[in-house]
Amino acid sequence: MKLKESLFTRRKFLNWSLTASLAALFGTAVGPVWRFVFPGEVGPEPTEVELKDFPELLPGTGKLFKFGRHPAIMIRTPDGKLKSFTAVCTHFECTVQYKKDTNQIWCACHNGFYDTNGKVVSGPPPRPLEEYDVAVEKDKIIVSRRGVPKGEKPKEKA
0 MKLKESLFTR RKFLNWSLTA SLAALFGTAV GPVWRFVFPG EVGPEPTEVE LKDFPELLPG
60 TGKLFKFGRH PAIMIRTPDG KLKSFTAVCT HFECTVQYKK DTNQIWCACH NGFYDTNGKV
120 VSGPPPRPLE EYDVAVEKDK IIVSRRGVPK GEKPKEKA
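In this text, residue positions in the sequence shown follow numbering that gives the first Met the number 0: the first is 0, and each later residue adds one.
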């Protein structure tokens with residue numbers, strides 16, 4: 000007695016599996032490239048950010064937070080002042096961090112150092128970090144761009 004032939008043979012199953020795997024691999028590789036080439040609509044960066052429930056910073060400590068699409072850093076200097084800067088290094092756009100032991104802002108990519116005023120101390124960064132204004136109101140911290148009046152929209156870059 001002969002068995003009836005199946006409509007879905009092993010060969011068809013293996014061909015289908017291989018095709019599906021290659022399609023998934025192609026989609027995984029092409030998706031990020033597509034988003035890079037065609038980023039879509041990107042609105043202007045905000046002029047201010049309101050930080051609620053931001054952890055209390057002890058003197059000589061720092062913490063990263065988001066300012067729009069980019070990272071920013073908030074530090075409390077050893078004398079107790081709150082300061083905020085963009086956390087994007089001016090050399091190769093790496094994310095900087097605060098080093099308590101040197102009391103400086105450090106970029107790990109090429110060992111660049113900034114002081115607590117955002118000025119370049121050593122390394123390859125060509126210019127200082129952009130400093131933000133910091134205002135403390137009750138249970139929130141408001142960080143805003145310098146030179147932009149409160150509530151005003153930023154100018155579009157040409």
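Glycine included, each C-beta is placed from N, C-alpha and C at the ideal position.
Query	Result
Let me know the beta strand (DSSP E) ranges lying completely inside the segment 68-133, each 3 residues or longer, listed in chain order.	69-75, 81-85, 95-98, 103-106, 111-113 and 119-121
Could you check whether the segment 50-60 touches the segment 23-37, counting it as contact only if at least three pairs of C-beta atoms, one from each stretch, sit closer than 8 Å?	no
In three-state terms, what does DSSP make of GLY39?	coil
Identify the residues that DSSP records as bridge partners of SER143: which are they?	GLU47 and ASP132
Looking only at its chain, what residues have a beta carbon closer than 8 Å to the beta carbon of GLY122, apart from the 5 residues adjacent to it on each side?	HIS90, CYS106, HIS109, ASN110, GLY111 and PHE112
Under a Cβ-count criterion, where at least 16 other Cβ atoms within 10 Å of its own Cβ denotes burial, should LEU24 be classed as buried or exposed?	exposed
Could you check which residue in ARG9, GLU44, GLY146 and LEU57 has the C-alpha nearest to that of LYS65?	GLU44
Alpha carbon to alpha carbon, what distance is there between ALA71 and ASN14?	50 Å
Count the other CB atoms, across all protein chains shown, that sit within 10 Å of the CB of LYS156; report buried if there are 16 or more and exposed otherwise.	Legend: pLDDT at LYS156 = 45, less than 50; position of this residue unreliable, value from coordinates given subsequently. Burial call: exposed.
Is it right to say LEU128 is buried, meaning 16 or more other beta carbons lie within 10 angstroms of its own, or is it exposed?	buried
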